[in-house]
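Participant:
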Amino acid sequence: MKNRLLYILALILFMQSISAKADNGHRLWLKYDRITNVNNYKQYRYLLQQLVFRAGADVTSVAAKNELQRGLAGLLDLSPVENNQFVAGRTLIIGTPESNPLLHTKLVTDLLVQSGTEGFIIKATQLSGKNCIIIAANTGNGVLYGVFNFLRLLQTNQDISQLNITDSPRINYRILDHWDNLERTVERGYAGFSIWNWHKLPGYVDPLYVDYARADASVGINGVVLNNVNANPLIITKEYLVKVAALANTFRPYGIKVYLSVRFSSPVEIGGLKTADPLDGQVQKWWKDKADEIYSYIPDFGGFLVKANSEGQPGPQTYGRSHADGANLLADALAPHKGIVMWRAFVYDNKVPDDRAKQAYNEFKPLDGKFKSNVIVQVKNGPVDFQPREPFHPLFGAMPGTPLMLEFQITQEYLGFSTHLVYLASLFKECLDADTYAKGKGSTVAKVIDGSLEGHKLSGIAGVGNIGTDANWCGHPFAQANWFAFGRLAWNPELTSDAIADDWLRMTFSNDESFVSPIKQMMLDSRENSVNYMTPLGLHHIMGTNTHYGPAPWVDNAGRPDWNPVYYHKADSAGVGFDRTGTGSNAVAQYAPQVRDEFEDLKTCPTKYLLWFHHVKWNYTMSSGNSLWNEMVQHYYTGAASVKTMQQTWGKMNGKVDAEQFEEVKQLLAIQEQEARWWRDACVQYFQTFSRLPIPAGYEKPEHPLDYYRQLQFHYVPGIKGYN
Ligand code: GCV
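If you count the sequence shown from 1, you need to add 1 to reach my numbering.
#1: Determine the direct distance from the alpha carbon of V225 to that of S18, and round the result to whole angstroms.
#2: With distances taken Cα to Cα, identify the nearest neighbour of N530 among Q635, D356 and H716.
#3: Go through the region 547 to 588 residue by residue and report every complete run of the alpha helix (DSSP H) that reaches 4 residues or more, in order.
#4: What whole-angstrom Cβ distance do K64 and Y255 have, given they're in contact under 8 Å?
#5: Within the present structure, is the beta-carbon of V230 separated from the nearest heavy atom of the ligand GCV by less than 7 Å?
#6: Does the beta carbon of R189 fall short of 7 Å from some heavy atom of the ligand GDP?
#7: Which runs of the alpha helix (DSSP H) at least 4 residues long sit entirely within the region 240 to 283? Give them in chain order.
#8: CA-CA distance, Q50 and S80?
#9: Taking 8 Å as the cut-off, does the region 644 to 653 touch the region 412 to 420 (at least 3 CB pairs, one atom from each stretch)?
#10: Between which residues of its own chain and R1 is the CB-CB distance below 6 Å, once the five residues before and five after are set aside?
#11: Thinking C-alpha only, which one of K43, F347, S297 and Y241 is nearest N310?
#12: Looking at the structure shown, is M523 part of a helix, part of a strand, or coil, going by DSSP?
#13: For L713, which residues from the same chain have a beta carbon less than 8 Å from its beta carbon, with the 5 sequence-adjacent residues on both sides left out?
#14: On a CA-only basis, which of D557, W288, L155 and Q163 is nearest N132? Give me that one, please.
#15: List the endpoints of the continuous alpha helix (DSSP H) containing T126.
#16: Less than 8 Å between the CB atoms is what I'm expecting for L407 and V446, so what's the real figure, rounded?
#17: Give every residue of the same chain whose Cβ lies closer than 8 Å to the Cβ of F516, excluding the five residues on either side of it in the sequence, and list them in chain order.
#18: Give the range of the beta strand (DSSP E) segment to which K381 is assigned.
#19: Which full runs of the alpha helix (DSSP H) of 4+ residues lie inside the region 193 to 228, going along the chain?
#20: What runs of the beta strand (DSSP E), each 3 residues or longer, lie entirely inside the region 606 to 634?
#21: Report yes if the C-beta of Y643 is less than 7 Å from at least one heavy atom of the ligand GCV; otherwise report no.
#22: Have a look at T186, V187 and L248 and flag the residue whose alpha-carbon is nearest the alpha-carbon of D736.
#23: Taking the alpha-carbon positions, what's the T608 to E312 distance?
#24: Rounded to the nearest angstrom, what separates A58 and L396 at their Cα positions?
#25: Which stretch, first to last residue, makes up the beta strand (DSSP E) that contains A463?
#26: Using the three-state DSSP reduction, which class does V307 fall into: helix, strand or coil?
#27: Apart from the five residues just before and just after T536, which ones in its own chain have a Cβ nearer than 7 Å to its Cβ?
#28: Between the beta-carbon of A588 and the beta-carbon of D369, is there less than 8 Å?
#29: Going by DSSP, what residues sit across from G96 in a beta bridge?
#30: Would you say the beta carbon of F265 comes nearer than 7 Å to a heavy atom of the ligand GCV?
#31: Within 8 Å, do at least three Cβ pairs link the region 271 to 282 to the region 318 to 331?
#32: Can you name the start and end residues of the alpha helix (DSSP H) that N165 belongs to?
#33: Report all residues from its chain with a CB closer than 6 Å to the CB of N165; omit the five preceding and five following residues, and keep chain order.
#34: Under 8 Å between the Cβ atoms of V230 and L306?
#35: Let me know if A56 comes out buried or exposed under the rule of 16 or more other beta-carbons within 10 Å of its beta-carbon.
#36: Considering only heavy atoms of the ligand GCV, does any lie closer than 7 Å to the CB of W180?
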C-alpha cells in the first residue's frame, strides 16, 4: 500500500515537472529562457557583471529596472552587482544624465539631443576612461524602451561589444485599440473573452494586466483604447471610471496611457439631456464637465476615440452637423487637459453611396483643415474594410491640413480568424510604403502619418488588437507575431517584415538557424498565400455575411446592396470585377493623378488590384499570358497548395520547438489547409457559373459541388455580437 502511494506521488511529481516545462505561449516573446549559445552566454556574462542603474525614482524607471533584472536573471542567471563604481569593461550603466552622474557627460547629452522623451541610446563606449556599455535616455520612458531593446539584443544573440544604437519613435501616438465590450465579448475577437475583468476591478487588479503592459511597452506601444468603438456610454460613468483608473495606474509604469471609446449620444443616454447636438451650449458644458471628471480619476488620461455616424452609431450628422463639429466639441472639452480626439473616418452610414469605397473620402476631404489642433482623423488602411488586400486609402495624402492616423487590424476578421497562420507585417508594410504622390514621388503613407510630409506635430497609428483570455493571448501562436509587428512598425515604419519576423522567431521560439530560416520564409509568404486562396487579383468582400467566416461570393440578399458580396465582385457572363475607373464609379479619381493614371489603365494597373478597379473580361490576356479565368484558377489552387507546403515545413520542426506549441501549430495548420481548399473550391466553382470555362487540366477536382458550399451554415461563430 505504502509503495503504491509513493509510486502515485512520484508519478504526480513527474507529470508536474513535464507540464511545468511545456510552453503554452503565455510568456509571448518575453520568455527570457537561459541563452543556450555558449559564446554569447559567456560574452554577456562577462560584459554585464556590474550594474549602475540610476534612472530616477519615477515608476517607469522602476519598471525598467525590474525588467532588466528579470531579463538578466532569466537569460544569463545573472544578478549584476549594483553600485556607483564600475569595473572597466564589465559594467552596464543606465539612466538619464540628470539621474546618473556617470552619464552627465557631453558625449551622452550630445547624443541625446534628438532622442526626445521616448528615444534612447545604447552604446559600447568609454566613460571616465573606462570601457562600458550605456543605456541612456532623457526620461524614464526612454530608459524603459532602451532596456527592452537591449534585452532583445541578448534574446536574439547579437554581439554587444560594439553597440552603437540611437533610436526614437517616428510616430507619437502608437495605440492598441480593443474592441472589447463591457460584458467581456470582443467584437471580431478570436482569442476568447476580454482580458478586462470589469466585475472584479478596481478591487482586484489581475497580474495579467502587468504582463500585458510589459508586452505592449516592449514593442513601443504607448496607448490603449480599452473598449469597443461601438461604445457603451456607461464606460464614462463613475461606476466604470474607477475601474479604468485602476488599469491606468497599472499601465503607467510602462509608459502606456489609457484612452476610451465614447458614444456620441452619451449626454442623452447618461447625462439626461434632450440632445447631443455639438453646437448646443448644454451639451458642450456636459462634455467639459465629463472631461474634468475623467481627469480627476486619471490625471494623464489620453483622450477619446469616436466612431460616429457609421454602421448605426449616433454622431453629429444626426443633428445636421458635420464630423468636424462633432470632433471639435470633444476636442474643446479635452484641450485643457492635453487630451486628444481620434475621430474615425470609417463612415459607413445608412444612405447607400454610389460606391462604398468612396464614402470616407467624400465626407472627410471637404473638412480638411477644419479640425481643432488636438484632433487626429483615424483612417483605415484601405477604403473598404481590412480586406486581405486593399489599395491604400485615398484619404492618405488628400488632407494636408489635418493630421491623419492610420488604423490597421491586427485581429484577423477577414484573414481566417485565429486559425490561419498569416503574418501581417507584409500587409502593414504594403500600405506604409505605398506612394500617395501627394507631394510628388516618395510621399509614402508612412510619411503622411508620421507627420513629416506636412509638418504635423500630432502623429499616430492604431492597431485593432487580437488579444483575449486564451492562454497564448492571441489564439494562434503565430498571431502573437502580428501584435509584435504592429508595435515595431508603429515605432519605426521603415523596419522590414523580414527583420521583424527574425526577431520575433528568435525571441519566441529559438535562435537555431535551421528553424529560423525556413519558418521566417513561411511567415513572409503567408499573407500572399491567404490572398491567393481567399481574394486574389483584387477581389474583395466575398466572405460570409455578418460572421465573415469562410467564402460566400454568392450572397445577394443582404439588407442593402453594399452588404452583398455580389456588389463587390460584379461577376457576369462577360467578366468580373468592380469598375472604379471613369466608366464606372470613378473611385480612381480620389487618388493623386500619378496613382489614378496607374490604377485607371488596365495595362498598368498592378495585377494585385486588377479586379478592385476594373471589370475584366474572362478571356482577357494577363501579363503572364494566361486568360483572366485561368489566372484566377491558378491563384486559388496555388494558394491552397501553399498551405500544404506550410504544413510540410512546420512538420520538419518537430523537436526544434516546445512540443506543446509544435502540436498546436500543426493542428491549426491542418484546419487552415482544409479551409483554404474550402475557399478555393467554393470560389472557383461559383465564378465558373459566370465564366462557363473549364478548370484547366492538371488541377484536382473540387471536393464537393458548389451547392454543398452554398448550404453550409454556422452557428456561434466567434467575434460577432450576441454570439453567446
Ligand atoms: C467595430 C467592420 C467590422 C465591425 C467593426 C467595424 C468598424 O464593419 O465588421 O465589426 O465594428 O468594421 O471598424 O467600426
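Backbone N, C-alpha and C fix where the C-beta goes; we use that ideal spot for every residue, glycine too.
Facilitator: Reading it off the structure:
#1: The sequence position of residue 18 within the sequence shown is 17, counting from 1. The sequence position of residue 225 within the sequence shown is 224, counting from 1. Note that S18 has pLDDT 41, beneath the 50 cutoff, so the model's placement of it is unreliable and the number below is only indicative. Spanning the two alpha carbons is a distance of roughly 37 Å.
#2: Position 529 of the sequence shown, counting from 1, holds the residue named residue 530. Checking every option, the nearest Cα to that of N530 belongs to Q635.
#3: Residue ranges of uninterrupted alpha helix (DSSP H) with 4 or more members, entirely inside the region 547 to 588 and ordered along the chain, are 566 to 570.
#4: Reading the sequence shown from its first residue, position 63 is the one you call residue 64. Reading the sequence shown from its first residue, position 254 is the one you call residue 255. Reading off the sequence, residue 64 comes out as Ala, not Lys. Indeed they touch by this definition, with Cβ atoms about 6 Å apart.
#5: Along the sequence shown, read from residue 1 onward, the residue named residue 230 stands at position 229. Under cutoff, so the answer is yes.
#6: Although the ligand GDP was asked about, the structure shown includes only the ligand GCV as ligands.
#7: List check, alpha helix (DSSP H) in window: 267 to 270.
#8: Numbered from its first residue, the sequence shown carries residue 50 at position 49. Numbered from its first residue, the sequence shown carries residue 80 at position 79. Approximately 8 Å between the Cα atoms of the pair.
#9: Put simply, the region 412 to 420 does not touch the region 644 to 653. Fewer than three CB pairs are less than 8 Å apart.
#10: Residue 1 lies beyond the range of the chain shown here (2 to 725); nothing can be said about it.
#11: As a position in the sequence shown, residue 310 is number 309, starting the count at 1. Considering only alpha carbons, the answer is F347.
#12: Taking the sequence shown and counting its residues from 1, the one referred to as residue 523 is at position 522. Collapsing the DSSP output to three states places M523 in a helix.
#13: Stepping through the sequence shown from its first residue, residue 713 is reached at position 712. So the qualifying residues of the chain are G551.
#14: In the sequence shown, residue 132 corresponds to position 131, counting from 1. Comparing Cα positions, the closest option is Q163.
#15: For the purposes of this step, residue 126 is identified with residue 125 of the sequence shown, where counting begins at 1. Taken as a continuous stretch (DSSP letters only), T126 belongs to no alpha helix (DSSP H), being part of the beta strand (DSSP E) at F121 to L128.
#16: Locating residue 407 in the sequence shown gives position 406, counting from the first residue. Locating residue 446 in the sequence shown gives position 445, counting from the first residue. Rounded, the Cβ-Cβ distance is 7 Å, consistent with contact.
#17: Along the sequence shown, read from residue 1 onward, the residue named residue 516 stands at position 515. These residues qualify, in order along the chain: L506, F510, M654, K657 and V658.
#18: As a first step, residue 381 is located in the sequence shown; it is residue number 380 there, counting from the start. Going by DSSP, K381 is part of the beta strand (DSSP E) stretching over V376 to K381.
#19: Runs of alpha helix (DSSP H) with 4 or more residues, each lying fully within the region 193 to 228, are found at 209 to 219, listed in chain order.
#20: Segments of the beta strand (DSSP E) lying fully in the region 606 to 634: there are none.
#21: Along the sequence shown, one-based indexing puts residue 643 at 642. The identity of residue 643 in the sequence shown is Ser, whereas the question assumes Tyr. Here the distance from the Cβ of S643 to the nearest heavy atom of the ligand GCV is not below 7 Å.
#22: The chain is shown from 2 up to 725; residue 736 falls before or after that span and cannot be answered.
#23: Sequence index remark: in the sequence shown, residue 608 carries index 607 (1-based). Sequence index remark: in the sequence shown, residue 312 carries index 311 (1-based). Distance between the alpha carbons of T608 and E312: 31 Å.
#24: Here residue 58 is taken as the residue at index 57 of the sequence shown, counted from 1. Here residue 396 is taken as the residue at index 395 of the sequence shown, counted from 1. Here the alpha carbon of A58 sits roughly 44 Å from the alpha carbon of L396.
#25: Numbered from 1 along the sequence shown, position 462 holds the residue referred to as residue 463. Segment G461 to V465, the beta strand (DSSP E) holding A463.
#26: As a position in the sequence shown, residue 307 is number 306, starting the count at 1. Look at V307 here: in three-state DSSP terms it is strand.
#27: Locating residue 536 in the sequence shown gives position 535, where the first residue counts as 1. Setting aside the 5 residues that flank it on each side, T536 is surrounded in the same chain by Q388, P389, R390 and I543, each with a C-beta closer than 7 Å to its C-beta; the list follows chain order.
#28: For the purposes of this step, residue 588 is taken as the residue at position 587 of the sequence shown. For the purposes of this step, residue 369 is taken as the residue at position 368 of the sequence shown. Going by C-beta atoms, A588 is not nearer than 8 Å to D369.
#29: Here residue 96 is taken as the residue at index 95 of the sequence shown, counted from 1. Answer is R55 and A137, bridged to G96.
#30: Numbered from its first residue, the sequence shown carries residue 265 at position 264. Answer for F265: no, Cβ out of range of the ligand GCV.
#31: Between the region 318 to 331 and the region 271 to 282 there are three or more inter-stretch CB-CB distances shorter than 8 Å, so the stretches are counted as touching.
#32: If you number the sequence shown from 1, residue 165 lands on position 164. Where N165 is concerned, there is no enclosing alpha helix (DSSP H), although the beta strand (DSSP E) it sits in stretches over N165 to D168.
#33: Locating residue 165 in the sequence shown gives position 164, where the first residue counts as 1. Answer for N165: K124, listed in chain order.
#34: To locate residue 230, count along the sequence shown from 1; it is residue 229. To locate residue 306, count along the sequence shown from 1; it is residue 305. Cβ distance < 8 Å, so V230 and L306 count as in contact.
#35: For the purposes of this step, residue 56 is taken as the residue at position 55 of the sequence shown. Buried is the call here.
#36: Residue 180 sits at position 179 when you count from the first residue of the sequence shown. Shortest gap from the CB of W180 to any heavy atom of the ligand GCV: under 7 Å.
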